[in-house]
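Just remember that the working numbering sits 19 ahead of the position in the sequence shown, which is counted from 1. Yeah, the Cβ is synthetic: ideal placement off N, Cα and C, and Gly gets one too. Everything numeric in this text was worked out from a predicted model, so none of it was measured.
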Amino acid sequence: MNRYAKQRMRMVDTQIRARGVKDGRLLKVMQTIPRHLFVEEAMTDQAYNDNPLPIGEKQTISQPYIVALMTEALSLTGKEKVLEIGTGSGYQTAILAQLADRVFSIERIASLAGRARKMLDYLNAFNVAIRVGDGTYGWKEEAPFDAILVTAGAPKVPSLLVAQLSLGGRLVIPVGSRSTQTLLKVTRLSEDIHDIKKEDLGGCRFVDLIGEHGWEN
Ligand code: SAM
């Protein structure tokens with residue numbers, strides 16, 4: 020087993036399983052995705068540490084535990100169509116690609132989207148479509164989605180995104196101020212977009228969701 024594989028096993032055991040994440044498929048996938056390829060070259064030695072890391076353009080790759088917590092909350096079985104808002108490095112996207120049927124991911128910064136696309140192609144994640152743009156509008160042509168994951172902090176739950184969930188669909192999104200948020204799981208219960216169940220998954224800190232239905236740039 021190479022150095023990074025060992026670090027990955029340790030990351031999953033000590034940062035993720037030890038904190039209560041139980042989804043066996045997710046744990047297995049996180050043992051295999053080479054997170055060190057999604058960080059800046061100078062940071063590869065820190066790739067499996069218990070914290071977020073910069074990826075350029077003032078953005079970050081999220082802490083491994085937060086990636087796991089958010090993904091587990093989507094309850095993926097392999098058949099789902101998933102929308103991700105905030106591709107960033109593409110690390111979270113690569114995990115979703117292995118756990119769902121199809122993944123649609125939107126990133127507002129073109130250079131990050133381009134780098135993520137290259138890495139996802141390198142890993143044969145061909146069930147992923149990436150679009151550059153404002154993800155707060157969702158991806159209407161591809162809706163409805165069984166699961167939507169927002170990886171940047173929003174001032175409120177964008178109702179446009181709830182409207183793009185299938186019945187029973189799950190939206191996981193950090194909501195709060197620009198400095199601190201609560202991770203919410205929103206489940207759509209009926210045709211009425213106000214008929215939702217909200218669950219609090221705990222406190223978190225994300226970069227801003229910038230866009231028409233997010234924060235101002
Ligand atoms: N999950 C990513 C990863 O594994 O690297 C980390 C995502 S990073 C915390 C948040 C990303 O959301 C940034 O790349 C940022 O540019 C992007 N973002 C912010 N607002 C957005 C918007 N309205 N639409 C699409 N992407 C957005």
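Best match in the options for proximity to residue i [C-alpha to C-alpha]
i: residue 146; options: 172, 131, 171 and 117; result: 117
i: residue 126; options: 229, 159 and 21; result: 229
i: residue 174; options: 224, 40 and 51; result: 224
i: residue 43; options: 134, 67, 61 and 94; result: 94
i: residue 186; options: 32, 162, 200 and 202; result: 162
i: residue 199; options: 212, 221 and 184; result: 221
i: residue 160; options: 179, 143 and 21; result: 179
Reduced DSSP category for residue i - H, G, I as helix; E, B as strand; rest coil
i: residue 137; result: helix
i: residue 64; result: helix
i: residue 185; result: strand
i: residue 171; result: coil
i: residue 106; result: coil
i: residue 34; result: helix
i: residue 78; result: strand
i: residue 83; result: helix
i: residue 52; result: coil
i: residue 229; result: strand
i: residue 131; result: helix
C-beta atoms of residue i and residue j nearer than 8 Å
i: residue 122; j: residue 101; result: yes
i: residue 52; j: residue 141; result: no
i: residue 233; j: residue 112; result: no
i: residue 194; j: residue 176; result: yes
i: residue 124; j: residue 106; result: yes
Presumed contact (8 Å Cβ cut-off) between residue i and residue j, rounded CB distance
i: residue 215; j: residue 181; result: 6 Å
i: residue 71; j: residue 81; result: 5 Å
i: residue 189; j: residue 37; result: Between residue 37 and residue 189 the Cβ distance is about 25 Å, and since that is not below 8 Å, they are no contact.
i: residue 197; j: residue 165; result: That belief does not hold up - the Cβ atoms of residue 197 and residue 165 are roughly 30 Å apart, past 8 Å.
i: residue 202; j: residue 191; result: 7 Å
i: residue 120; j: residue 99; result: 6 Å
i: residue 45; j: residue 79; result: No, residue 45 and residue 79 are not in contact; Cβ-Cβ is about 21 Å, not under 8 Å.
Which residues DSSP lists as bridging residue i, in chain order
i: residue 122; result: 101 and 147
i: residue 192; result: 203
i: residue 25; result: In the DSSP output, where bridge partners are listed per residue, residue 25 has none listed.
i: residue 215; result: 207
i: residue 166; result: 101 and 189
i: residue 72; result: 80
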